[in-house]
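Everything on this sheet refers to the single structure shown next.
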Amino acid sequence: MQKDIKKLLGLQYVLVDSWEISDQEIIVKIRSPRTSCMCTHCTNTTRRIHQYKSRNILHTVWQDRKVILHLKVRRFYCNLCKKAFTEYIPGLDRRRTTDNFRNILIKEISGKSLSHVRQTNAISVSSLYSVLRENHEKFKEIDWEKQGEKFVLGIDEHSYRGHDLVLTATNITKKKLLMIGRDDTLKTLTEFLQKADQKRISEVCIDMKMGYRNVIERELPKVKITVDKFHVIAYANKNLDEVRSILVTKNHGFKARRLLFKGKEKLNEKEKTRLDNLFKKFERFPSLYQAYFIKEKLRDFYRLKNKSEARKKFNLLLIYCENSQSRYMKNFGKTLFRWKENILNYFDNYSTNAFTEGVHTKIKMIKRMSFGFRNIDNYIAKVTLAFIPLFMLIQHTIC
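Residue numbering for the sequence shown follows this note's numbering, beginning at 150 and increasing consecutively.
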């Protein structure tokens with residue numbers, strides 16, 4: 150029976166003396182099987198016992214019962230160096246939890262909120278955060294050899310708390326999260342790129358942030374920089390909405406904003422009629438139609454399959470923006486001109502930051518589930534853990 154208990158609880162390095170089962174917990178009394186111990190000071194082997202101590206260690210949870218190990222620890226006395234020392238038992242150190250229990254916590258934290266894990270396992274907040282940060286250290290360093298010979302790097306930022314933004318770096322080719330920065334400053338991006346294996350990065354996908362482009366051009370001079378197409382279209386929609394907010398009020402009987410943002414090919418006949426009536430109503434103010442026209446031309450531009458043809462269409466877009474009567478679309482055209490080559494680089498490999506945006510969506514879910522974070526280090530550790538595959542966590546726990 151003792152052998153079965155040892156196999157069930159994974160206690161292969163100790164002897165099980167007895168066990169007690171109650172409604173809330175299972176207490177298993179264990180001790181070391183060795184009769185002698187090597188001195189930690191002089192490596193001499195001794196059998197002389199100096200003192201006995203006992204302590205309780207949380208090992209696991211089985212059928213809603215805590216499994217607590219009542220460990221009997223011996224302190225040996227070395228006759229050679231005249232010093233006392235405590236014996237070492239694999240998997241059991243001075244902490245109040247075993248390696249097995251901390252591994253169980255890590256697997257639960259990866260898919261559940263910290264508060265839920267804390268309440269379920271009845272452990273303190275400090276213990277839970279220490280386990281989280283300890284595990285984060287195992288995966289903190291990026292294994293660049295596993296990122297592929299050549300991959301596309303995605304750079305973007307997301308909200309950590311309110312207006313506090315942090316940097317996100319992803320491997321778009323392998324669909325892996327590489328790094329969550331402490332902030333979104335250019336210094337953080339520079340430090341990340343300097344530590345990266347630059348020979349493996351073939352392309353960098355970013356939004357239209359001039360500071361990021363300058364840093365990447367300085368640190369990765371031979372790497373192609375591509376502007377994410379979704380950010381360009383979103384910027385066009387933003388300018389269209391600025392024009393709409395000035396001209397169209399809420400008293401027009403239908404939601405003009407939804408119609409203007411919706412793709413032309415997705416409109417039904419009723420919606421097309423409403424949109425035509427809207428443009429007729431504002432014939433005296435052609436800037437609304439011009440903004441909508443430029444937005445649709447931009448969407449058609451990204452459907453092209455040839456870069457030389459895309460360059461011609463892009464030049465027409467610049468002319469449309471320049472001839473627009475809206476200052477918003479004129480400024481939009483100036484922005485497109487500044488990012489011309491980076492936007493056209495999309496047609497080389499059709500790389501986008503879609504995976505990075507998907508990472509941000511999952512991060513938002515983690516923040517809602519956890520009701521936010523106060524400490525940036527705990528936030529980075531929790532988010533990083535959620536993107537580590539389960540088989541890698543199990544592999545580390547076995548090691």
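From the three backbone atoms N, C-alpha and C, an ideal C-beta is built for every residue, glycine too.
For Ile-258, three-class secondary structure by DSSP: Mapped onto the sequence shown, residue 258 falls at position 109. Looking at Ile-258 - three-state DSSP - the assignment turns out to be helix.
8 Å CB neighbourhood of Lys-446 in its chain, flanking five on each side removed: Within the sequence shown, the letter at position 297 stands for residue 446. Closer than 8 Å at Cβ, skipping near neighbours: Lys-462, Leu-465, Leu-466, Tyr-469.
Nearest-angstrom beta carbon gap, Gln-296 and Lys-323 [assumed within contact, 8 Å]: Locating residue 323 in the sequence shown gives position 174, where the first residue counts as 1. Locating residue 296 in the sequence shown gives position 147, where the first residue counts as 1. Going by Cβ atoms, the distance from Lys-323 to Gln-296 rounds to 6 Å, so yes, they are a contact pair.
Alpha-carbon to alpha-carbon, Ser-185 and Asn-261: For the purposes of this step, residue 261 is taken as the residue at position 112 of the sequence shown. For the purposes of this step, residue 185 is taken as the residue at position 36 of the sequence shown. Before going further, note that residue 261 is Lys rather than Asn in the sequence given. Distance between the alpha carbons of Lys-261 and Ser-185: 44 Å.
DSSP beta-bridge partners of Phe-225: Here residue 225 is taken as the residue at index 76 of the sequence shown, counted from 1. Note: Phe-225 sits in a beta bridge opposite Ile-198, Phe-234.
Cβ pair count under 8 Å reaching 3, the region 268–287 against the region 325–339: In short, these stretches do not touch, since the Cβ pair count stays below three.
Limits of the alpha helix (DSSP H) - the one that Glu-287 falls within: Numbered from 1 along the sequence shown, position 138 holds the residue referred to as residue 287. With the sequence shown as reference, residue 287 is identified as Lys, and Glu is not the correct amino acid for it. Per DSSP, Lys-287 belongs to the alpha helix (DSSP H) from 274–287.
Proximity of Leu-369 and Val-381 at Cβ, strictly below 8 Å: On the sequence shown, residue 369 is found 220 positions in, with the first residue counted as 1. On the sequence shown, residue 381 is found 232 positions in, with the first residue counted as 1. No; because the gap between Cβ atoms is not below 8 Å, this pair is not in contact.
Beta-bridge pairing of Thr-375 - partner residues as DSSP gives them: Along the sequence shown, read from residue 1 onward, the residue named residue 375 stands at position 226. In the DSSP output, where bridge partners are listed per residue, Thr-375 has Cys-354.
Residue range of the unbroken alpha helix (DSSP H) whose run includes Asn-549: In the structure as shown, the chain begins at 150 and stops at 548. Residue 549 is therefore absent and cannot be evaluated.
Delimiting residues of the beta strand (DSSP E) encompassing Arg-310: Taking the first residue of the sequence shown as 1, we reach residue 310 at position 161. Boundaries of the beta strand (DSSP E) harbouring Arg-310: 300–310, taken from the DSSP string.
Bridge partner(s) assigned by DSSP for Ser-203: By 1-based counting over the sequence shown, the position of residue 203 is 54. Paired residues: Lys-221.
Integer-rounded CB distance, given that Leu-408 should sit under 8 Å from Leu-389: What you label residue 389 is simply residue 240 of the sequence shown in a count that begins at 1. What you label residue 408 is simply residue 259 of the sequence shown in a count that begins at 1. Between Leu-389 and Leu-408, the beta carbon gap of about 11 Å keeps them out of contact (Cβ cut-off 8 Å).
Whole runs of the alpha helix (DSSP H) within the region 511–543, excluding any shorter than 4 residues: Listed in chain order, the complete alpha helix (DSSP H) runs (minimum 4 residues) inside the region 511–543 are 525–535.
C-alpha distance - Gly-360 paired with Lys-387, whole-angstrom precision: By one-based count along the sequence shown, residue 360 stands at place 211. By one-based count along the sequence shown, residue 387 stands at place 238. Distance between the alpha carbons of Gly-360 and Lys-387 is about 21 Å.
Close Cβ partners of Lys-202 (< 6 Å) along its chain, the five nearest in sequence each way excluded: Within the sequence shown, numbered from 1, the residue matching residue 202 stands at position 53. The answer, listed in chain order, is Val-222.
Given 8 Å, three or more beta-carbon pairs between the region 165–181 and the region 211–228: Under the Cβ criterion (8 Å, minimum of three pairs), the region 165–181 counts as touching the region 211–228.
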